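Undergrad: So for the sequence shown, this note's numbering puts the first residue at 31; every next one is plus one. No residue lacks a Cβ here, since even glycine has one placed at the ideal position from N, Cα and C. The structure displayed is predicted, hence computed values, not measured ones. Okay, handing you the structure first.
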Amino acid sequence: MGQSVILSKELSQAEVTRYSRHILLPQVGLEGQRRLKGSSVLVVGTGGLGSPVSMYLAAAGVGRIGLIDYDVVDATNLQRQIVHGESTLGVPKVDSAAARLLDLNPMIMVDRHYTALTRDNAMDILASYDVIVDGTDNFATRYLLNDAAVLLGKPIVYGSVFRFEGQVSVFGMKDGPCYRCLQPVPPPPHTVPSCAQAGVFGVLPGTIGTIQATETLKLLLGIGEPLIGRLLLYDALDMTFDMIKLPKRRNCPVCGDQPTITQLIDYEEFCGMPGHQSNVVSPVPEWTVQEVKARLDANEPLILLDVREPYELMISHLDQAVHIPISQMSARWQEIPRDTTVVVFCRSGVRSANLITQLQAAGYENLINMAGGINAWAKAIDPSLPGY
Numbered sequence: 031m032g033q034s035v036i037l038s039k040e041l042s043q044a045e046v047t048r049y050s051r052h053i054l055l056p057q058v059g060l061e062g063q064r065r066l067k068g069s070s071v072l073v074v075g076t077g078g079l080g081s082p083v084s085m086y087l088a089a090a091g092v093g094r095i096g097l098i099d100y101d102v103v104d105a106t107n108l109q110r111q112i113v114h115g116e117s118t119l120g121v122p123k124v125d126s127a128a129a130r131l132l133d134l135n136p137m138i139m140v141d142r143h144y145t146a147l148t149r150d151n152a153m154d155i156l157a158s159y160d161v162i163v164d165g166t167d168n169f170a171t172r173y174l175l176n177d178a179a180v181l182l183g184k185p186i187v188y189g190s191v192f193r194f195e196g197q198v199s200v201f202g203m204k205d206g207p208c209y210r211c212l213q214p215v216p217p218p219p220h221t222v223p224s225c226a227q228a229g230v231f232g233v234l235p236g237t238i239g240t241i242q243a244t245e246t247l248k249l250l251l252g253i254g255e256p257l258i259g260r261l262l263l264y265d266a267l268d269m270t271f272d273m274i275k276l277p278k279r280r281n282c283p284v285c286g287d288q289p290t291i292t293q294l295i296d297y298e299e300f301c302g303m304p305g306h307q308s309n310v311v312s313p314v315p316e317w318t319v320q321e322v323k324a325r326l327d328a329n330e331p332l333i334l335l336d337v338r339e340p341y342e343l344m345i346s347h348l349d350q351a352v353h354i355p356i357s358q359m360s361a362r363w364q365e366i367p368r369d370t371t372v373v374v375f376c377r378s379g380v381r382s383a384n385l386i387t388q389l390q391a392a393g394y395e396n397l398i399n400m401a402g403g404i405n406a407w408a409k410a411i412d413p414s415l416p417g418y
């Protein structure tokens, strides 16, 4: 989608009626509403943040909204991803979201990009949009999105959520910082858990996503003071907002005075982790849940080791498993025997695989990862266990 799409800016009588509360605002008026109709926004990710962002942009009358996501709707999404519903479980998120947006406002256009954002397609997809909204959930994609947008001269409305806290800023504007100015290098691999691992307060993405939508509309309309050079911090538990200054780093490799990154790089290598779940390949020995069950039924000598956190055991657990949480592993790893096969599992198999990699470096050779974790066990072996 490298070529531009020309949108009509003329408002029909039905549109004047629909957007009348906008048009009454002196800062918007008829001209501002025409401007929104002629604008385009790419929302990267149709999850927790992408849901409120896309819905409010659609309601506001942004003429063309692009959605990019490679995932399908899952029951665990519905606690916070309000653009989806029970009727679209198993449906590609871009299709589910597009249907909801067009139901909300049939007077707009919605582009669906049912694909992962990669360095091979990013420049082409981003090129025809005016503003990019970051609704990503991993560092590799976030750095990729940042670099592509800066190289194309596109503003990015950044948002991030974790448990009860969120952040918002505007990157990529002239004389303003980019994401690399905030986070020059990614954190060490697997030190920051995902929402699937750490949890997220269901309404938090609504708060942060709505602020992202606000900043996007301000940029398109040219009104107010966007969060350029400022990082907004929100704590839902304390109900506090803090603002910190975020200067442009003159030595930034992408937006600095003498940039050294002038084309997209290998972001998975840069971050030391995959950008997409579909690319995750366990580097450790692995058994399926069916193999584990068969070996248990055959009374083979093995130990099941559950490395999830204590609060996760309240959701589901296997009675025959030994429990050593990863958070306590630095003090208890020597409790893991070396003279028998140990099958390690977590929620989905990611944390357990990472732990095995670390323990292999300490000389363990008897550890097997249970592919898919306890969620796979619940689905294939014991449906009475809830997935989460």
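Beta-carbon within less than 7 Å of residue 166's beta-carbon, same chain only, minus the 5 sequence neighbours each way: which residues are those?
TA: 74, 75, 172 and 175, listed in sequence order.
Undergrad: Are the CB atoms of residue 131 and residue 84 nearer to each other than 8 Å?
TA: Closer than 8 Å, so yes.
Undergrad: Can you tell me which residues form a DSSP beta bridge with residue 275?
TA: Paired residue(s): 260.
Undergrad: With a 10 Å radius around its C-beta and 16 neighbouring C-beta atoms as the bar for buried, classify residue 95 as buried or exposed.
TA: By the neighbour-count rule (16 or more Cβ atoms within 10 Å), residue 95 is buried.
Undergrad: Check whether the stretch 36 to 53 and the stretch 113 to 130 touch, using three or more Cβ-Cβ pairs below 8 Å as the test.
TA: They do not touch, by the three-pair rule.
Undergrad: Thinking just about the alpha-carbon of each residue, which of 149, 337 and 234 is nearest to the one in residue 379?
TA: Of the candidates 149, 337 and 234, the one whose C-alpha sits nearest the C-alpha of residue 379 is 337.
Undergrad: So within the stretch 307 to 374, which uninterrupted alpha helix (DSSP H) runs reach at least 4 residues, ignoring any that extend past its ends?
TA: Within the stretch 307 to 374, the complete alpha helix (DSSP H) runs of at least 4 residues are 319 to 327, 340 to 343 and 359 to 362.
Undergrad: How far does the alpha helix (DSSP H) with residue 151 in it reach, from first residue to last?
TA: First-last for residue 151: undefined, no H or E at that position.
Undergrad: On the DSSP bridge assignment, give the partners of residue 52 in chain order.
TA: None; residue 52 has no bridge partner.
Undergrad: Within 10 angstroms of its Cβ, does residue 287 collect 16 or more other Cβ (buried), or is it exposed?
TA: Looking at its Cβ environment, which holds fewer than 16 other Cβ atoms inside 10 Å, residue 287 is exposed.
Undergrad: Compare the Cα-Cα distances from residue 163 to each of 414, 240, 51 and 294 and report the closest residue.
TA: Nearest C-alpha to residue 163: 240.
Undergrad: Residue 181: buried (16+ other C-beta within 10 angstroms of its C-beta) or exposed?
TA: The residue is buried, with at least 16 neighbouring Cβ atoms inside 10 Å.
Undergrad: Between residue 289 and residue 399, what straight-line distance do the alpha-carbon atoms span, to the nearest angstrom?
TA: Going from the Cα of residue 289 to the Cα of residue 399 covers about 42 Å.
Undergrad: Tell me the DSSP bridge mates of residue 186?
TA: Residue 186 pairs with 162 and 201.
Undergrad: Mapping DSSP to helix, strand and coil, what is residue 102?
TA: Correct three-state label for residue 102: strand.
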